[in-house]
Amino acid sequence: MGHFLQSEAWARLQRAQDREVVRLEGDGWRVQAFVERGRLNSRLYAPYGPQLDRPEALRPALDALRAEARRLGAAFIRVEPVLAQAPGPDDQPGLPPALLEAAGLRRVARVQPEHTQRVDLSRPFDEVLKGMRKTNRNLHRNFGKKGLSVRSSGDPADIEHLLRLLREVSDRTGMHAHADAYLRTQAQTLVPGGDARIYLVELDGEELPIAASLVYDDEERRYYGHAAASTAHRNLSPGVILVTSMMQEAHEAGLGEFDLYGVVPPEVTDHAWSGFSDFKRSFGGRQVDYSGTWELGVRPLSYAVYSLARRFVGDRA
0 MGHFLQSEAW ARLQRAQDRE VVRLEGDGWR VQAFVERGRL NSRLYAPYGP QLDRPEALRP
60 ALDALRAEAR RLGAAFIRVE PVLAQAPGPD DQPGLPPALL EAAGLRRVAR VQPEHTQRVD
120 LSRPFDEVLK GMRKTNRNLH RNFGKKGLSV RSSGDPADIE HLLRLLREVS DRTGMHAHAD
180 AYLRTQAQTL VPGGDARIYL VELDGEELPI AASLVYDDEE RRYYGHAAAS TAHRNLSPGV
240 ILVTSMMQEA HEAGLGEFDL YGVVPPEVTD HAWSGFSDFK RSFGGRQVDY SGTWELGVRP
300 LSYAVYSLAR RFVGDRA
């Protein structure tokens, strides 16, 4: 199985936003892509796709995507090819840039993260804890003594707690947050069927949760999607407790991995993500490297106009 963004659950979310969903497959490859319409043209975008059983399947997958994009009137395709991983723990899903360039693809600014941190949950949970920073282990084992509890919710309405905390973080830091309507749609579409869950950290004496998160689940792993915590209770480290508890429940549910979803490498110290990348690495695991985001023109003139406009207005073109 590939990434959650290539799942039927994610396709339902796209349809809920009135996006057309395209699914194609061939010998050694499969892909799910969405029609995204901009001000100047439209594109066919496959987040973390196509999924390839072998590198040689890239070209036929691209040929099929180009043909479908042409049929839909799209100016270009945007892809993030993923190679199916072998059982070995060091295998990576990213393809070599030279292979992607040889297929005619052009590298562009990333859309989905190029790196993530994954924790193996197939071991006893005590071993998972041993792989974490000592502070995290201690917090997980003792948070009940501080009056904290963690609640897992299957009620989409509980997304409002996360939205409130995200607004608080955005006001404090200037961090760009997703629109409330988008996250509400995620909760309403994914939570009822068990494809996502909402987690809440509650503190004795407080009326409202002090931390909240939205996670996605597929058959293989849990993905850490969105989270925020109250500034006033930062000294209690509710964000750490949230992650360790979500990991433990995923482990108990039989999921094999916890994907912390998006980091920059440790040697990159001046990136906007450097701080929370260090936070994610504090839970152990290994870095997983993807191919990055690449494009291929279908209607050359329209794509050239879009590429020029992007220099001035970014991806809003």
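All residue numbers for the sequence shown refer to numbering that gives the first Met the number 0, where the first residue is 0 and numbers rise by one. Ideal Cβ placement from N, Cα and C applies to all residues, glycine included. Bear in mind that the values here come from a model prediction, so they are computed numbers and not experimental data.
request  = Would you mind reading off the limits of the alpha helix (DSSP H) that contains T134?
outcome  = 133-141
request  = Please look up how many angstroms separate the CB atoms of H160 and L120, rounded, as I've assumed it's under 8 Å.
outcome  = With a Cβ gap of about 26 Å, H160 and L120 do not count as contacting.
request  = Could you tell me the distance, in whole angstroms, from the CA atom of E55 to the CA atom of V78?
outcome  = So the alpha carbons of these two residues sit roughly 16 Å apart.
ask   = On the premise that L43 lies in contact with A73, defined as a C-beta separation below 8 Å, what is that separation, rounded to the nearest angstrom?
value = With a Cβ gap of about 5 Å, A73 and L43 count as contacting.
key: Residue(s) in a DSSP beta bridge with Y222   = Y215, D258
query = At a cut of 8 Å, does the region 232-251 reach the region 207-218 through at least three beta carbon pairs?
reply = Judged by Cβ distances under 8 Å, the region 232-251 makes contact with the region 207-218, as three or more pairs qualify.
query = What three-state label does DSSP hand P86 in the structure shown?
reply = Reliability of the predicted coordinates at P86 is poor, the pLDDT of 46 falling under 50, and the value obtained from them is presented with this limitation in mind. Coil at P86, not helix or strand.
ask   = Considering only residues of the region 19-92, which uninterrupted alpha helix (DSSP H) runs meet the minimum length of 4 residues and lie entirely inside it, listed in chain order?
value = 57-71
key: CB contact flag (M131, S236, <8 Å)   = Cβ distance not < 8 Å, so M131 and S236 don't count as in contact.
query = Assuming L164 contacts A228 under a Cβ cut-off of 8 Å, what Cβ separation, rounded to an integer in Å, is found between them?
reply = 6 Å
query = At a cut of 8 Å, does the region 55-66 reach the region 271-286 through at least three beta carbon pairs?
reply = Taking a cut-off of 8 Å on C-beta distances, the region 55-66 does not touch the region 271-286, as fewer than three cross pairs fall below it.
inquiry  = Need the endpoints of the alpha helix (DSSP H) that W9 sits in, please.
reply    = 7-15
inquiry  = Among the candidates T268, E256, H177, whose CA atom is the shortest distance from the CA of A223?
reply    = According to the sequence shown, residue 223 is Tyr rather than Ala. Of the listed residues, the one whose Cα sits closest to Y223 is E256.
ask   = If you compare alpha carbons, which of I240, E19, L295 is closest to R140?
value = Taking only the C-alpha atoms, the option nearest R140 is I240.
message = Check this for me: beta carbons of I209 and H232, under 8 Å apart or not?
response = yes
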